[in-house]
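In numbering that gives the first Met the number 0, the protein residues as written are 0 to 99. Built from N, CA and C at the ideal position, the CB exists for glycine as well. Only a predicted model underlies this, so the values are computations on that prediction, with no experimental measurement involved.
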Amino acid sequence: MSNKKTYRITIEEVESPSSTAQTMQFEFQDREDLFKIVKNLKKGCELDATQATRVGVALRLLGPVMMINRKHPLFADFMPHFKTFMQSLKNTVKQSLIDK
Numbered sequence: 000m001s002n003k004k005t006y007r008i009t010i011e012e013v014e015s016p017s018s019t020a021q022t023m024q025f026e027f028q029d030r031e032d033l034f035k036i037v038k039n040l041k042k043g044c045e046l047d048a049t050q051a052t053r054v055g056v057a058l059r060l061l062g063p064v065m066m067i068n069r070k071h072p073l074f075a076d077f078m079p080h081f082k083t084f085m086q087s088l089k090n091t092v093k094q095s096l097i098d099k
């Protein structure tokens, strides 16, 4: 039995110079609860709600790809910085939620 949750991301071009707006959609699985992550970021990282949502979704899309491909030349140099950033973000949010 899998503990992974399945999410669907849809991106729609809102204002398009042409009459045909572009759309892309994909699904992904994640062991984390994306809605909980975004909720905690909104409460604990001092970003506005839209920015917190974007950061939460972006990190859950990028992080697992980087972990799977951490030795890939595209990610190798960035991985240590990403790890440090994630630890700092988690600690900041955790402390903020404790303090509230």
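Nearest candidate by alpha-carbon position, reference serine 1, set Lys38, Glu31, Ile8: Position 2 of the sequence shown holds residue 1. For the residues Lys38, Glu31, Ile8, the minimum Cα distance to serine 1 belongs to Glu31.
For alanine 75 and arginine 69, the rounded distance between their alpha carbons: Within the sequence shown, the letter at position 70 stands for residue 69. Within the sequence shown, the letter at position 76 stands for residue 75. Roughly 6 angstroms separates the two Cα atoms.
Rounded Cβ spacing between valine 37 and threonine 52 (contact assumed at less than 8 angstroms): Residue 37 sits at position 38 when you count from the first residue of the sequence shown. Residue 52 sits at position 53 when you count from the first residue of the sequence shown. At roughly 5 angstroms, the Cβ-Cβ gap stays under 8 angstroms, so valine 37 and threonine 52 are in contact.
Threonine 9 (DSSP reduced to helix, strand or coil): The residue given as residue 9 occupies position 10 in the sequence shown. In the structure shown, threonine 9 sits in a strand (DSSP, three-state: E or B).
Residues bridged to methionine 100 (per DSSP): Because the chain is modelled from 0 through 99, residue 100 falls outside the range shown and cannot be assessed.
Lysine 4 vs glutamine 24 beta-carbon contact at 8 angstroms: To locate residue 4, count along the sequence shown from 1; it is residue 5. To locate residue 24, count along the sequence shown from 1; it is residue 25. No. Outside cutoff.
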